[in-house]
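Colleague: Before I ask anything, here is the structure I am working with.
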Amino acid sequence: MKVKTIAGFITAIVALVIVILGGTTMGVVLLFLNIIGLYEFYHIFELKGHKPIKWVGLLYIPLIPFIFINNISEPLTIKIAGTKDINLFTFIQYVVMALLLVIIVVRHKKHNIIDAAITVMGGYYVVFLSSFFLLLRYKESGVFLFFIALVGTVSSDTAAQVFGVKWGKKKLIPEVSPKKTVIGSFGAFVGPLIFVVLYGYIINRLGYVNIKLYHFVILAILLGAGAQIGDLAASAMKRYANVKDFGKLIPGHGGVLDRIDSLLFCVPMVYYYLRFISI
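Residue numbers (the working numbering): 3 to 281.
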């Protein structure tokens, strides 16, 4: 327990520093985390006998350095240099799909359509979703906007555990996550409604952002749902593979994907909500 607590504390501090620094530092760190995360994702499916084409999945990785090198905050501006309207992610997706279609024909005895689907899923789940970490951070006042997602997921997870341990009896979805309870799920909304709204009030008062408070109420509700969906989706994948964690990178806390499963769902949610309200 002591090792887990220390590892968790150090990880949290390092993560906060990286987000605050942003820029190339955050981009380079995210690049390496993506490589590790892809390995973790494909590995758990290999344990079930599947054969994802890992080298093809790695073709999604260039999306990350392209974003931080060019300081991009809008997905539709991720264009290939010297072209007029070729979006980088669209191009990568075409190359990946073309290669996979060739592979399942030429190497049909080794790889099937399920292997191809897992390969694509890894690219979307790990690289595409985490690319929004940079897209959100690179927006104006991005560090404060990114912390909306961070405060929401942490408060949701923490409140869910507190409510679940103290009052939880009825299980939520025991087949997916045996420890989660209905009351814990309720707590997962209470946490963000308190802390995201409070955070929104503070950063508005300090002049870091100009966002109406009711937007933070809406975001709190969305994050309460999103944090749980992200966590449960990761649990469903691990349950399928009969593993407790995606990896063992952080003592007592699992791998990269175990630490960011909720954020992978919530950061894009915050990003697009802010886009919808023209921020």
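Ideal Cβ placement from N, Cα and C applies to all residues, glycine included.
None of these values were measured; they are calculated from a predicted model.
1. Please state the DSSP three-state secondary structure of lysine 56.
2. Alpha carbons only, please: which of Lys53, Gly193 and Pro64 is nearest the one belonging to leucine 102?
3. For the region 207 to 259, which segments carrying the alpha helix (DSSP H) assignment without a break, of at least 4 residues, lie completely within its bounds, in sequence order?
4. Could you tell me whether the region 13 to 30 touches the region 203 to 211, using the rule of 3 or more Cβ pairs below 8 Å?
5. Under a Cβ-count criterion, where at least 16 other Cβ atoms within 10 Å of its own Cβ denotes burial, should leucine 251 be classed as buried or exposed?
6. For aspartate 247 and leucine 40, I'd like the C-alpha separation in whole angstroms.
7. Less than 7 Å between C-beta atoms, sequence neighbours within five positions excluded: which residues of the same chain meet that for leucine 32?
8. Does the contact criterion of 3 or more C-beta pairs under 8 Å hold for the region 215 to 225 versus the region 168 to 185?
9. Taking the alpha carbon of glycine 226 as the point to measure from, which residue in Gly125, Ala162, Lys56 and Leu200 has its own alpha carbon closest?
10. Between the alpha carbons of phenylalanine 195 and glycine 24, how many angstroms are there, rounded?
11. So is phenylalanine 34 buried or exposed if we call it buried at 16+ other beta carbons inside 10 Å?
12. Over what stretch of residues does the alpha helix (DSSP H) that includes leucine 137 continue unbroken?
13. Give the range of the alpha helix (DSSP H) segment to which serine 158 is assigned.
14. Since glycine 29 is in the alpha helix (DSSP H), which residue starts that stretch and which ends it?
15. Taking 8 Å as the cut-off, decide whether the C-beta atoms of serine 158 and alanine 229 are in contact.
16. Quick one: residues in its chain with C-beta nearer than 7 Å to the C-beta of leucine 61, no 5 flanking neighbours on either side, listed in chain order?
17. Is it true that the CB of proline 253 sits closer than 8 Å to the CB of alanine 100?
18. With DSSP as the reference, label lysine 6 as helix, strand or coil.
19. If we ignore side chains and look at the alpha-carbon of each, how far apart do isoleucine 120 and isoleucine 281 end up?
Modeller: So, from the listed chains and residues:
1. helix
2. Cα-wise, what sits closest to leucine 102 is Lys53.
3. 215 to 243, all fully within the region 207 to 259.
4. no
5. If you draw a 10 Å sphere on the C-beta of leucine 251, you find 16 or more other C-beta atoms in it, and that means buried.
6. 14 Å
7. Correct list, in chain order: Ile66, Ser132, Phe135 and Leu136.
8. no
9. Comparing Cα-Cα distances from glycine 226 to each of Gly125, Ala162, Lys56 and Leu200, the minimum goes to Ala162.
10. Residue identity differs from the one stated: residue 195 is leucine in this sequence, not phenylalanine. The C-alpha of glycine 24 is placed about 27 Å away from the C-alpha of leucine 195.
11. exposed
12. 131 to 139
13. 144 to 169
14. 25 to 48
15. yes
16. Ile94, Val97 and Val98
17. Annotated as distal: alanine 100 and proline 253, with beta-carbon spacing of 8 Å or more.
18. helix
19. 34 Å
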